[in-house]
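Enquirer: Starting off with a structure, shown below.
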Amino acid sequence: MISSYVQILLIILFWNADCQIIPRIEECGLSCSQGIHCKSKPSGGIFNSFCHDAPASLSSMVLKSMKISTVMKCVQGSPCSLHLNIKGTLSLDENVRGLEICSFSLDTQQSQCINVRFTRKKSKMLNGKKVQVQFNCIEVNVAQHIYVTMKTVPHYCEVKLSQQYYVEDCRNSDVGKYIPACSAGKLAYNLDRARKMVTVNVSNFPRDQDYYVRLCHKWFTCEDAGAFAVIKGKESFKSVSLKYSQLLPCLCIEGWLALPDARRVQLCPFENDTQVLWDNIVYNPSTQTLAWEPACPVLVMVNLCRFTKSNDHCEDIEKSFKNSSEKQVKYSRVDTHPRLCMKFTTKRGSWIKCPFAHGEFPAWKMRTAAVAEQIQVFFTSQTKAQFSVLVCNRTQMASCESLGMHHSVSVGEPVSITMSQEMCGSTICIQGWRTDVDYSVPLQICDTFCGFHGQSYSDGNPPKAMTHRYPSNLQFETSVGMDGVFNLETISLAL
769 MISSYVQILL IILFWNADCQ IIPRIEECGL SCSQGIHCKS KPSGGIFNSF CHDAPASLSS
829 MVLKSMKIST VMKCVQGSPC SLHLNIKGTL SLDENVRGLE ICSFSLDTQQ SQCINVRFTR
889 KKSKMLNGKK VQVQFNCIEV NVAQHIYVTM KTVPHYCEVK LSQQYYVEDC RNSDVGKYIP
949 ACSAGKLAYN LDRARKMVTV NVSNFPRDQD YYVRLCHKWF TCEDAGAFAV IKGKESFKSV
1009 SLKYSQLLPC LCIEGWLALP DARRVQLCPF ENDTQVLWDN IVYNPSTQTL AWEPACPVLV
1069 MVNLCRFTKS NDHCEDIEKS FKNSSEKQVK YSRVDTHPRL CMKFTTKRGS WIKCPFAHGE
1129 FPAWKMRTAA VAEQIQVFFT SQTKAQFSVL VCNRTQMASC ESLGMHHSVS VGEPVSITMS
1189 QEMCGSTICI QGWRTDVDYS VPLQICDTFC GFHGQSYSDG NPPKAMTHRY PSNLQFETSV
1249 GMDGVFNLET ISLAL
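This is the structure we're talking about:
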């Protein structure tokens, strides 16, 4: 693990690289050490590509060093350009007539060579003297990867210097400000939702250059969301229309000059339109898996909850919280009850989606029947299922504390629960839930027993419990439906 000191050092190094000022020149050219006359001419590099055996008297260290840097050529009235500044040191020798300096772009596969010659008479007189040569007329592009070589003329085998070099990119403040390729332009847009079209207007870029515009989905990089369009530099109308399929928060407009390694500018105007992200919920009946996959990267906490129709509240289900660090949020063995929902929470708020609310999947119901001091609980379901039942005290909307043992029951098999007068109260509930899944919504029927003894209690829902006294052989049935509200269902007389 990298220590904090190393991290700080790396930050300082990168910051210095981005803030480095590029030296300026008004003219490029060739210069040699004082007293040494030299001249240059372009070279194809072909005649000097084959090497010769070096004379015995020639030192293999005749080429001493080579240093490469970047300079910026700025002439009034013209845009600035970047050039390689190559400095080489060699020892003069009667067997060396000059130098050949070549640059090869690893990006464009193009090469440039220059031949530097010394005055023969002078070089003989100064045999063994160190000479510095500086050449800065090789023009390069932003962020270009260059391979530079320096050879003797004639070229002697194993007498050669070479070096790779990376030209500064647009993150360098000096380059970004003065080099046209880094002038990414300014983007503005108009949205036509009916036609699903974005019209992009571009300004502040060199008028003689073509300009590319595209729509993309921004993840770690901006991935294509359709073909890009070209705005011709000669055209006076600097706008283009692009079609989109869905208006997502990560949908961005990207533009750049039609130049190698040109700087790109992005405009992401829909970042706050996150509601569309919560629709991509999929349920697999064969594996009972509920999954949500974000169409865009988003910082969100996801959890399951139980929707209560009485107050439009969704009570969180324990141990179901997951964050969006994974590309897919998945829940295995999920109950398909209409009130089981997914909650999405971001810094802008919460959204609730209930994928089973439309009745497309089988749901289960809980029903109770009261006789004397016993309550029988029944479960109905279109599929095989196991349930658990208990009597609890609902101290809060989302909390019901157990008052006895759990009872396990299968579909179609009733379970009897003995209720005493002391257990009577408006907060006393019969709670049931599925146990053959990992995530189930608990349903509650409250205040049922007290109603059969002529007492009146509110269950927290608009309907009230019955207030009349009935004989002990009169049987009442209540049930919890898909909306979670218990209802008085049937009245029958046991003979």
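809 is the number that this note's numbering gives to position 41 of the sequence shown; each next residue is one higher, with no gaps. Built from N, CA and C at the ideal position, the CB exists for glycine as well. Predicted model only: the values in this text are computed from it and were never measured.
Over what stretch of residues does the beta strand (DSSP E) that includes lysine 835 continue unbroken?
Expert: Stepping through the sequence shown from its first residue, residue 835 is reached at position 67. Here the beta strand (DSSP E) through lysine 835 covers 831-841.
Enquirer: With which residues is tryptophan 987 paired in a DSSP beta bridge?
Expert: As a position in the sequence shown, residue 987 is number 219, starting the count at 1. Beta-bridge pairing links tryptophan 987 to no other residue.
Enquirer: Of all the options Leu1027, Lys1115 and Val921, which has the alpha carbon lying nearest to the alpha carbon of threonine 876?
Expert: Walking along the sequence shown from the start, residue 876 turns up at place 108. Among Leu1027, Lys1115 and Val921, the Cα nearest to that of threonine 876 is on Leu1027.
Enquirer: Can valine 1008 and isoleucine 999 be called in contact, C-beta distance under 8 Å?
Expert: Looking up residue 1008 in the sequence shown gives position 240. Looking up residue 999 in the sequence shown gives position 231. Yes, the Cβ-Cβ distance between valine 1008 and isoleucine 999 is below 8 Å.
Enquirer: Quick one, are the C-beta atoms of serine 837 and glycine 856 less than 8 Å apart?
Expert: Stepping through the sequence shown from its first residue, residue 837 is reached at position 69. Stepping through the sequence shown from its first residue, residue 856 is reached at position 88. No, these two residues do not count as a Cβ contact at 8 Å.
Enquirer: State the start and end residues of the unbroken alpha helix (DSSP H) segment that holds aspartate 942.
Expert: Taking the first residue of the sequence shown as position 1, residue 942 is located at position 174. That run of the alpha helix (DSSP H) goes 941-946.
Enquirer: Would you mind sorting phenylalanine 988 into buried or exposed? The rule is 16 or more other CB atoms within 10 Å of its CB.
Expert: The residue given as residue 988 occupies position 220 in the sequence shown. Exposed: under 16 other Cβ atoms inside 10 Å.
Enquirer: Can you tell me whether DSSP reads glutamine 1144 as helix, strand or coil?
Expert: For this step, residue 1144 is matched to residue 376 along the sequence shown. Note: glutamine 1144 maps to strand in three-state DSSP.
Enquirer: Can you give the beta carbon distance from serine 1176 to serine 1156, rounded, assuming they're within the 8 Å contact cut?
Expert: Stepping through the sequence shown from its first residue, residue 1176 is reached at position 408. Stepping through the sequence shown from its first residue, residue 1156 is reached at position 388. Confirmed, Cβ separation roughly 6 Å.
Enquirer: Applying the 10 Å Cβ sphere with the 16-neighbour rule, what's the burial state of phenylalanine 973?
Expert: Your numbering for residue 973 matches position 205 in the sequence shown. When all chains shown are included, phenylalanine 973 counts as buried.
Enquirer: Between the C-alpha atoms of histidine 1081 and cysteine 1109, what's the straight-line distance to the nearest angstrom?
Expert: Numbered from 1 along the sequence shown, position 313 holds the residue referred to as residue 1081. Numbered from 1 along the sequence shown, position 341 holds the residue referred to as residue 1109. Going from the Cα of histidine 1081 to the Cα of cysteine 1109 covers about 11 Å.
Enquirer: Would aspartate 937 and alanine 911 qualify as a contact pair, given that the criterion is a beta-carbon distance under 8 Å?
Expert: Mapped onto the sequence shown, residue 937 falls at position 169. Mapped onto the sequence shown, residue 911 falls at position 143. Their beta carbons are under 8 Å apart, which means aspartate 937 touches alanine 911 by this criterion.
Enquirer: For alanine 997, name the three-state secondary structure that DSSP assigns.
Expert: By 1-based counting over the sequence shown, the position of residue 997 is 229. It is a strand residue.
Enquirer: Is it a yes or a no for the stretch 861-873 touching the stretch 904-921, going by three-plus beta-carbon pairs under 8 Å?
Expert: Because the criterion of three Cβ pairs below 8 Å is met, the stretch 861-873 and the stretch 904-921 touch.
Enquirer: On the criterion of 16 or more Cβ atoms from any shown chain inside 10 Å, does asparagine 883 qualify as buried, or is it exposed?
Expert: As a working mapping, residue 883 is identified with position 115 in the sequence shown. Result: buried.
Enquirer: Count the other C-beta atoms from every protein chain shown that fall within 10 angstroms of the C-beta of serine 846, then say buried if there are 16 or more, exposed otherwise.
Expert: In the sequence shown, residue 846 corresponds to position 78, counting from 1. Result: exposed.
Enquirer: Per the DSSP calculation, threonine 1186 is bridged to which residue(s)?
Expert: Here residue 1186 is taken as the residue at index 418 of the sequence shown, counted from 1. According to DSSP, which records beta bridges pairwise, threonine 1186 is partnered with Gln1142.
Enquirer: Could you spell out where the beta strand (DSSP E) holding threonine 1113 opens and where it closes?
Expert: Looking up residue 1113 in the sequence shown gives position 345. Unbroken beta strand (DSSP E) run through threonine 1113: 1108-1114.
Enquirer: Mapping the DSSP letters down to three states, classify valine 1159 as helix, strand or coil.
Expert: Numbered from its first residue, the sequence shown carries residue 1159 at position 391. DSSP places valine 1159 in strand when its eight states are reduced to three.
Enquirer: Work out the CA separation of tyrosine 979 and lysine 1006 for me, nearest whole Å.
Expert: By 1-based counting over the sequence shown, the position of residue 1006 is 238. By 1-based counting over the sequence shown, the position of residue 979 is 211. Cα to Cα, the separation comes out at about 9 Å.
Enquirer: In this structure, how does DSSP classify glutamine 788 when only helix, strand and coil are distinguished?
Expert: The count along the sequence shown starts at 1 and reaches residue 788 at position 20. DSSP places glutamine 788 in coil when its eight states are reduced to three.
Enquirer: Cysteine 806 and phenylalanine 886 - do their beta-carbons sit closer together than 8 Å?
Expert: Position 118 of the sequence shown, counted from the first residue, corresponds to residue 886. Position 38 of the sequence shown, counted from the first residue, corresponds to residue 806. Yes, the pair counts as a contact, with Cβ atoms nearer than the cut-off.
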